[in-house]
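One structure is given here, and the rest of the page talks about it.
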Amino acid sequence: MLTQAPVKPLDEDGVQVMAIGTLAWVVAAVVLLLRGAGSDSSDQTWWLWTCLAGAGVGVVALAYCLRRRSRRRAAADEGLGAPAAATKQ
């Protein structure tokens, strides 16, 4: 019979993943700006807008994950019960 190994998740709340992803979009936008992709004469302005949209979505997702993490910690401190993922072993 197969059983799952008792391994803790690396990033339970997703904050680290969202921060790295958002930072990657921002770095890509800066690189494109330095290469001149934001100028009107360039035909690659959609690349810049894609990076800016990715960074914007990343900021919203990061804020969501930070808020969710703080709420989960507050609930655990009040003894309202652990989240479902934390109770499984």
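Under this note's numbering, the first residue of the sequence shown is numbered 64, with each subsequent residue one higher.
Glycine residues also receive a C-beta, built at the ideal position from the N, C-alpha and C atoms.
Kindly indicate the opening and closing residues of the alpha helix (DSSP H) around residue i.
| i | result |
| --- | --- |
| GLN79 | 78-97 |
Does DSSP classify residue i as helix, strand or coil?
| i | result |
| --- | --- |
| VAL120 | helix |
| LYS151 | Because LYS151 sits at a pLDDT of 42, beneath the cut-off of 50, its placement in the model cannot be relied upon, and the following sentence gives the value as read from the coordinates. It is coil, neither helix nor strand. |
| ASP74 | coil |
| THR66 | coil |
| ALA100 | coil |
| ASP140 | helix |
Near residue i, what residues of its chain come up, given a Cβ to Cβ distance below 6 Å and the 5 sequence neighbours on each side ignored?
| i | result |
| --- | --- |
| GLN107 | ALA100 |
Give a yes or no on whether 9 Å exceeds the smallest Cβ distance from residue i to chain D.
| i | result |
| --- | --- |
| VAL93 | Among the chains in the structure shown there is no chain D, since it carries only a single protein chain. |
Excluding the 5 residues flanking residue i on each side, which residues of the same chain have their C-beta closer than 7 Å to its C-beta?
| i | result |
| --- | --- |
| VAL89 | ALA118 |
| GLY121 | MET81, GLY84, THR85 and TRP88 |
Got a sec? Which residues, its chain only, sit under 8 Å from residue i by beta carbon, not counting five neighbours each side?
| i | result |
| --- | --- |
| VAL78 | LEU125, CYS128, LEU129 and ARG132 |
| CYS15 | Outside the displayed span of the chain (64 to 152) sits residue 15, for which this structure offers no information. |
Does the pairing of the stretch 74-84 with the stretch 94-102 give three or more beta-carbon distances under 8 Å?
-> Result no; under three Cβ-Cβ pairs closer than 8 Å.
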